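Visitor:
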Amino acid sequence: MRTQVIEHPLVDAKLTMLRDENTPSAVFRQLVDELVTLISYEATREVQTEPVEIVTPVAPMTGTKLTEPRPIVVPILRAGLGMLEGMSKLLPSAEIGFLGMKRDETTLEAVTYANRLPDNLSGRQTYVLDPMLATGHTLIASINYLLERGARDVTCICILAAPEGLKNIQDAVGDRAEVNIFVAAVDDHLNERGYIVPGLGDAGDRLYGVVD
Ligand code: URA
0 MRTQVIEHPL VDAKLTMLRD ENTPSAVFRQ LVDELVTLIS YEATREVQTE
50 PVEIVTPVAP MTGTKLTEPR PIVVPILRAG LGMLEGMSKL LPSAEIGFLG
100 MKRDETTLEA VTYANRLPDN LSGRQTYVLD PMLATGHTLI ASINYLLERG
150 ARDVTCICIL AAPEGLKNIQ DAVGDRAEVN IFVAAVDDHL NERGYIVPGL
200 GDAGDRLYGV VD
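Shown next as structure tokens:
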């Protein structure tokens, strides 16, 4: 597993606004969108391409296009949905799969309530969107669903990570697959309720408001 923290002053400044408890939901959603586009720019650096012949108004040339089969982007509902628009700006032709997972607040384990993924992901590059890599349980379950379907190349795009969650993913995935994590910052630790510290609070609640 490889973890890459995106180091860029714009990322740091937007992340600071995102963390601020006074930032309202509408601004929070806009900042997530912008941050995801910046993180995805790096995360898609190894997207597979192939040569294509085109003719410009001046001359023929060999350009580049994304290789088939297209990459698949998988937002983890609920909070990952807030990242889809920012990612789609860079990869508009990607196929979208969905995983719905919520955290059991007592055990902190991931509970799956929706799974809409293609049956066969052999040879597909997959991009998982989940803003908060806390315990890592949600991402471990998601990565396992993708590997069961044949994916071998999984890139996770997150906004914040905790060191405990990164270690849990490393231990769970081992050398079964090539997993890359791209994140705007790795914070200090998880608190006793499994929240990232200093973090930004509950990303789903801040994106969409609280639904009981
Ligand atoms: N999920 C969140 O939304 N925030 C955290 O800090 C941890 C998990």
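0 is the number of the first residue of the sequence shown in my numbering; add one for each residue after it.
C-beta: ideal position from N, C-alpha, C; glycine also.
Computed from a predicted structure; not experimentally measured.
1. Rounded to whole angstroms, what's the CA-CA distance from Leu-145 to Thr-125? Just pull it up for me.
2. Just to confirm the assignment: which complete beta strand (DSSP E) runs, minimum length 3, are found wholly within the segment 156 to 190?
3. In this structure, what does DSSP give as the bridge partners for Met-131?
4. The beta strand (DSSP E) that contains Gly-99, what's its start and end?
5. So is the beta-carbon of Asp-103 under 7 angstroms away from any non-hydrogen atom of the ligand URA?
6. Given a threshold of 16 other Cβ atoms within 10 Å of its Cβ, counted over all protein chains shown, does Ala-113 qualify as buried or as exposed?
7. Give the single residue among His-136, Arg-192, Glu-147 and Ile-158 whose Cα lies nearest to the Cα of Asp-170.
8. Does DSSP put Pro-8 in a helix, in a strand, or in coil?
9. Might you give, ordered along the chain, the residues of its own chain that have their beta carbon closer than 6 angstroms to the beta carbon of Ala-160, omitting 5 neighbours on each side?
10. The ligand URA and Met-100: does the residue's C-beta get closer than 7 angstroms to at least one heavy atom of that ligand?
11. Is the segment 53 to 68 touching the segment 31 to 45, taking contact as three or more C-beta pairs under 8 angstroms?
12. Straight-line CA distance for Leu-83 to Pro-74?
13. Is it buried or exposed, Thr-154, if we count other Cβ atoms within 10 angstroms and call 16 or more buried?
14. Please identify the residue among Ala-202, Thr-22 and Val-178 whose C-alpha is closest to the C-alpha of Glu-45.
15. Which residues does DSSP pair with Ile-195 in a beta bridge?
16. Where the beta carbon is closer than 5 angstroms to any heavy atom of the ligand URA, which residues qualify, in chain order?
17. Once DSSP output is grouped into helix, strand and coil, what is the label at Asp-118?
18. Could you check what DSSP says for Glu-84 in three-state terms: helix, strand or coil?
19. Does Asp-32 come out as helix, strand or coil in the three-state DSSP assignment?
Guide: Judging by the given coordinates:
1. Those two C-alpha atoms are separated by around 8 angstroms.
2. Counting only runs of 3 or more, we get 177 to 182.
3. According to DSSP, Met-131 shares a beta bridge with Leu-159.
4. Segment 97 to 102, the beta strand (DSSP E) holding Gly-99.
5. Flag unset: Cβ of Asp-103 not near the ligand URA.
6. With fewer than 16 Cβ atoms within 10 Å of its Cβ, Ala-113 is classed as exposed.
7. Closest by C-alpha distance to Asp-170, out of His-136, Arg-192, Glu-147 and Ile-158, is His-136.
8. In the three-state DSSP reduction, Pro-8 falls in the helix class (H, G or I).
9. If we look at Ala-160 and ignore the five residues flanking it on each side, its Cβ neighbours are Leu-132, Val-182 and Val-185.
10. The ligand URA has no heavy atom closer than 7 angstroms to the beta-carbon of Met-100.
11. Touching, no.
12. Taking C-alpha positions only, Leu-83 is separated from Pro-74 by approximately 6 angstroms.
13. It counts as buried.
14. Answer by Cα proximity: Val-178.
15. Answer is Leu-189.
16. With the cut-off at 5 angstroms, the residues found are Met-131, Ala-133, Tyr-194, Ile-195, Gly-198, Asp-201 and Ala-202.
17. Looking at Asp-118 - three-state DSSP - the assignment turns out to be coil, as it is neither helix nor strand.
18. DSSP places Glu-84 in helix when its eight states are reduced to three.
19. Helix, per DSSP.
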